[in-house]
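These notes concern the structure reproduced below.
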Amino acid sequence: MMICDACRYCEDYCAVFPAMEQRRMFTKADLVYLANLCFDCRDCYYACQHAPPHEFGVNIPKLMAELRTETYREHSWPAILSGLLRRNGLAVSLITGGATLVVFILVLLFMGPVVLTATHLGEGSFYRVVPYVAMTIPPILIALYGLVVFTVGASRFWRETGAGVSDVINLAALWHATRDAFGLAYMKGGGAGCNYPNETFSQFAASVPSHGVLRIPVGSSRDQRSGLL
Ligand code: SF4
Ligand code: SF4
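Converting from the sequence shown to this note's numbering requires adding 8 to each position, the first position being numbered 1.
Pasting the structure below:
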């Protein structure tokens, strides 16, 4: 990032570079903040004259992605589950397989094996194998748990970035952030578009997988407060 500070070629690409230029040394809070401003459009990587194989090996999207993953681990709740993020693919596979097996066993126990092979016709037949209550309550509980995790994580992230309550109720900053978010201000990559997921330019590709729209309000709000935007 010290190289970027000196180079500044990418300063129009997104909110990361103007924010980065405000510092000569970076605290952990600064890094967390910058990492979550980046939405992995990869413009700066494909434009960079110092990217690999250059000896400097500058790869800002990779660096930011690693930092973000670290913040996801730190901010997950309960902390004991943060290890799942290290082996995300394996965890999702095991949980999906385990959940399917549990549902199958519960159906056998409570509904009997016959319902699995019988033909169900008429009103309510959709719920003969897995009753309506069993189909709706668990997803609601999981969604509520997700909401709690999201709220806890957001609050920890907010504290770590050093932002105050005034950032939340700064209407001018919120308006600026909302306009940037819905105008996809940083999805244009300086004009030509984003290079996600490869070198080809696209105006929209980065917005779906990167959650950039959600991250922009956080960044713009604080940047405007500090006179960056
Ligand atoms: S990513 Fe590369 S081109 Fe862009 S500011 Fe940093 S050093 Fe310069
Ligand atoms: S990958 Fe895109 S959003 Fe991230 S720092 Fe580079 S230009 Fe900015």
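Think of the CB as a built atom: it goes at the ideal place given N, C-alpha and C, for glycine as much as any other residue.
Just so it is clear, the structure is predicted and the values come from calculations on it, not from any experiment.
Option in the options with minimal Cα separation from residue i
| i | options | result |
| --- | --- | --- |
| GLU78 | ILE68, ASN206 and GLY91 | GLY91 |
| ALA55 | GLU74, ALA99, TYR21 and GLN30 | TYR21 |
| ALA73 | TRP183, ARG164, ALA107 and LEU45 | LEU45 |
| SER70 | PHE158, ASP38, MET9 and LEU149 | At residue 70 the sequence reads Lys, which differs from the Ser that was named. Nearest option by C-alpha distance: MET9. |
| CYS15 | VAL66, ALA126, VAL122 and LEU39 | VAL66 |
| ALA87 | ARG164, ASP188, TRP183 and GLY130 | ARG164 |
| GLY154 | LEU109, LYS36 and LEU89 | LEU89 |
| ALA107 | LEU129, ALA162 and MET143 | MET143 |
Contact test: residue i Cβ vs ligand 2 heavy atom, cutoff 7 Å
| i | result |
| --- | --- |
| TYR5 | The question about residue 5 has no answer here: the residues shown for the chain are numbered 9 through 237. |
| VAL24 | yes |
| ARG76 | no |
| MET72 | yes |
| CYS49 | yes |
| TYR21 | yes |
| PRO271 | The structure shown does not extend to residue 271, since the chain spans only 9 to 237, so no value can be given for it. |
| CYS248 | Since the first and last residues shown for the chain are 9 and 237, residue 248 lies out of range. |
Residue i - DSSP class collapsed to helix/strand/coil
| i | result |
| --- | --- |
| CYS22 | coil |
| CYS56 | coil |
| CYS12 | helix |
| ALA27 | helix |
| TYR17 | coil |
Proximity below 8 Å, CB of residue i to CB of residue j
| i | j | result |
| --- | --- | --- |
| THR169 | TYR41 | yes |
| TYR204 | ALA23 | no |
| LEU93 | SER84 | yes |
| TYR53 | ILE68 | yes |
| VAL115 | VAL138 | yes |
| ILE11 | HIS62 | no |
| MET33 | ASP13 | no |
| CYS49 | CYS202 | yes |
| ARG136 | VAL123 | yes |
| ASP175 | ALA181 | yes |
Any non-hydrogen atom of ligand 1 closer than 7 Å to residue i Cβ
| i | result |
| --- | --- |
| CYS18 | yes |
| GLY111 | One point to set straight first is that residue 111 is Val, not Gly, in the sequence displayed. No. |
| HIS62 | no |
| VAL56 | As written in the sequence, residue 56 is Cys, which differs from the Val given in the question. Yes. |
| VAL115 | no |
| CYS46 | no |
| CYS202 | no |
| ILE11 | yes |
| VAL173 | no |
| VAL7 | An answer regarding residue 7 cannot be provided, because it is not within the stretch 9 to 237 covered by the chain. |
Please list the segments of the alpha helix (DSSP H) lying wholly inside the stretch 139-172, counting only runs of 4 or more residues, in order along the chain. Complete alpha helix (DSSP H) runs here, min 4: 140-168.
Curious, which full-length alpha helix (DSSP H) runs of at least 4 residues does the stretch 43-107 contain? As far as the stretch 43-107 is concerned, its whole alpha helix (DSSP H) runs of at least 4 residues are 51-55 and 68-83.
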